[in-house]
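Trainee: Numbering (the working numbering), first residue to last: 5 to 75.
Idealized CB from N, CA, C, for every residue including glycine.
I have a structure I would like to understand better, so I am pasting it below and will then ask my questions one at a time.
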C-alpha cells in the first residue's frame, strides 16, 4: 500500500493496525517519492522462543536411566 505523508499523518494509528493484521508494508511518499516504509516486526520478535523451533534434536533413549544403577 502506498500513502502520502499527509494521509499517513491523518491515519497513522489505523495504518499501524492494518500492518499488524495484514503483515503488508505501507510505503509513505512525499512529493511522489518514497520517504519511509512501515513494516511489521520480524516474527521472532513476537515470540522469541519460536526462533529456536526445529533447532534441537533428540539423541538416545529419553526413557533410559541417566545413571547406571550399580549396587
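1. On the three-state DSSP scale, how would you describe residue 56?
2. Whole angstroms are fine: how far does the CA of residue 56 sit from the CA of residue 42?
3. Within its chain, find whatever has a CB closer than 6 Å to the CB of residue 29; leave out the 5 residues flanking it on each side and keep chain order.
4. Could you check how far apart the C-beta atoms of residue 32 and residue 14 are, in whole angstroms? I think they sit under 8 Å.
5. Among 35, 18, 27, 38, which one has its Cα closest to the Cα of residue 45?
Mentor: Taking the coordinates as given:
1. Numbered from 1 along the chain shown, position 52 holds the residue referred to as residue 56. In this structure, residue 56 counts as helix in the three-state DSSP scheme.
2. Walking along the chain shown from the start, residue 42 turns up at place 38. Walking along the chain shown from the start, residue 56 turns up at place 52. Taking the straight line from one Cα to the other gives about 27 Å.
3. Stepping through the chain shown from its first residue, residue 29 is reached at position 25. If we look at residue 29 and ignore the five residues flanking it on each side, its Cβ neighbours are 41, 43.
4. Working through the chain shown from its first residue, we reach residue 32 at position 28. Working through the chain shown from its first residue, we reach residue 14 at position 10. Not confirmed; about 12 Å, so no contact.
5. Along the chain shown, read from residue 1 onward, the residue named residue 45 stands at position 41. That would be 27, whose Cα lies nearest to the Cα of residue 45.
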